[in-house]
Amino acid sequence: MSKIRRQLSGNTSSSVEPKRLSELKDKTGNLYESINIISKRANQINITIKEELHNKLEEFASHTDSLEEIHENKEQIEISRAYERMPNPALLATTEFLEDKIYHRKSEEDLFS
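Mapping the sequence shown onto the working numbering, position 29 (from 1) lands on 89, and the numbers just tick up by one.
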């Protein structure tokens, strides 16, 4: 089981819940900076999930071009459904951010300006 899948089995809900903007702002001092950090982490999570799903589905891929040989594989369908049930990467990233699980720092240009 991958790190992302283990994380999903934790306390992250797959439904959208309202968040206090003041909590996001308090982490960095700037709401937009917090949202930027969350969005970058969400992109990382999304890429990881896509790669993992692609690798798992690649195992079931038949390398034939004939339309007659294409058939549905129950295991492949179950894997796809499991990934569809996963929470949105933005929800995961927001949860990580609020639980201080994301390391972030300002770039050197921002520090000296």
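From the three backbone atoms N, C-alpha and C, an ideal C-beta is built for every residue, glycine too.
Rounded to the nearest angstrom, what separates residue 129 and residue 121 at their Cα positions? Any reading at residue 129 must be qualified, since the residue scores a pLDDT of 49, below 50, and its modelled position is unreliable; the value itself is stated next. About 11 Å.
Taking only the alpha-carbon atoms, compute the straight-line gap between residue 146 and residue 159 and give it to the nearest angstrom. When rounded, the distance between both Cα atoms is 19 Å.
Nearest-angstrom Cβ-Cβ length linking residue 174 and residue 105, presumed shorter than 8 Å: Beyond the ends of the chain as shown, which are 61 and 173, falls residue 174; an answer cannot be given.
Residue 82 - containing alpha helix (DSSP H), residue span: Run containing residue 82: 81-88, per the alpha helix (DSSP H) assignment.
Which of the three DSSP states is assigned to residue 138 in this structure? Of the three classes helix, strand and coil, the one that applies to residue 138 here is helix, per DSSP.
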